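If you read the sequences in order, they're chains A and B.
Residue numbering for the first sequence is 50 to 148, as defined by my numbering.
Residue numbering for the second sequence is 50 to 148, as defined by my numbering.
Protein chains: 2
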Amino acid sequence: MKFDLDKLNKVFDNRIRVGIMSGLMVNESLSFNDLKEYLSLTDGNLASHLKNLEESQYITVTKGFIGRKTNTTYSATEEGKMAFKQHLTYLENLIKELK
Amino acid sequence: MKFDLDKLNKVFDNRIRVGIMSGLMVNESLSFNDLKEYLSLTDGNLASHLKNLEESQYITVTKGFIGRKTNTTYSATEEGKMAFKQHLTYLENLIKELK
DNA sequence: TAAAAGTACTTTGAATTACAAAGTTAATTA
DNA sequence: TAATTAACTTTGTAATTCAAAGTACTTTTA
């Protein structure tokens, strides 16, 4: 039997990106500061993981305002949601096998 | 709400180590070559991930023979099994929340 | 109106991690 | 005795991760 490593998505091989994605699966969108607080990260670290997810086309970025303050929000794309679900499904199957 | 990153075990933040552990959850023990074939890895890469898991005390190493050939086998420790289960349980809860 | 603070980054640099490839040791089989 | 096998270790490079500092722009506060 072979274990197909490629079924586990490399993008999600990181706890922070898993955290971002699960936030964005439950919430239609989250702001930079929401995510920063949600995950207790520094600006730079958060920004770099968001960039990674954006480059993978798993999230989209929308720049807007709340009142007069800038407000950037992030949402999971359909592709991102599917990829994340697939990743979790594969892990879920692992779990089942182990029981 | 906060996402507790520490509930996701850093040791399992890697596909190869997840693969090794799930192999060792299902099989009482596996040889170096079993694992090498199971995961399609080079010797060096496999050895380094095994070392990581051993240092984390999640697996044990037993050096023996099959006939006259050397045969090293690896097994998950109780601690390793628990840690891996906990990791997967936390992911499982994530999955549930997303449904 | 000048200074301080907030938002959302980017840049820099260091530390850690991952990985392939080659080398090693010791036994074994052709 | 030469080649093969097992299980590594070493070496070196590339990629990843992360904090901290810097930036640009706007807004609020003193």
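Just so it is clear, CB atoms sit at the ideal spot from N, CA and C, and this is done for glycine as well.
All figures in this text were calculated on a predicted structure; none of them were measured in a lab.
| Asked | Found |
| --- | --- |
| Reduced DSSP category for B:Ser80 - H, G, I as helix; E, B as strand; rest coil | strand |
| C-beta neighbour in chain B for A:Ile65, strict 9 angstroms | yes |
| Alpha-carbon spacing of A:Met74 relative to B:Asn82, whole angstroms | 40 angstroms |
| Beta-carbon neighbours of A:Tyr107, restricted to chain B and to distances below 9 angstroms | Chain B residues near A:Tyr107: none, gap ~15 angstroms exceeds 9 angstroms. |
| Beta carbon proximity, A:Gly93 to chain B, threshold 9 angstroms | no |
| Euclidean distance between Cα positions of B:Leu57 and A:Asp62 | 11 angstroms |
| Exposed unless 16 or more other CB atoms sit within 10 angstroms - verdict on A:Thr119 | exposed |
| Every unbroken beta strand (DSSP E) inside the region 57–130 of chain B [3 residues or more] | 108–115, 118–125 |
| Closer than 9 angstroms to chain B by CB, A:Ser71 | yes |
| Under 7 angstroms by beta carbon: chain B residues contacting A:Gly68 | Phe52, Leu54 |
| A:Glu128 versus A:Val110, A:Ser105, A:Lys59, residue with shortest Cα-Cα distance | A:Ser105 |
| Listed by chain order, chain A residues near B:Leu102 by CB distance under 7 angstroms | Ordered by position in chain A, no residue passes the 7 angstroms Cβ test against B:Leu102, which lies about 15 angstroms from the chain. |
| Beta carbon of B:Lys51 nearer than 9 angstroms to that of A:Ser89 | yes |
| CB of B:Val110 within 9 angstroms of CB of B:Thr122, strictly | yes |
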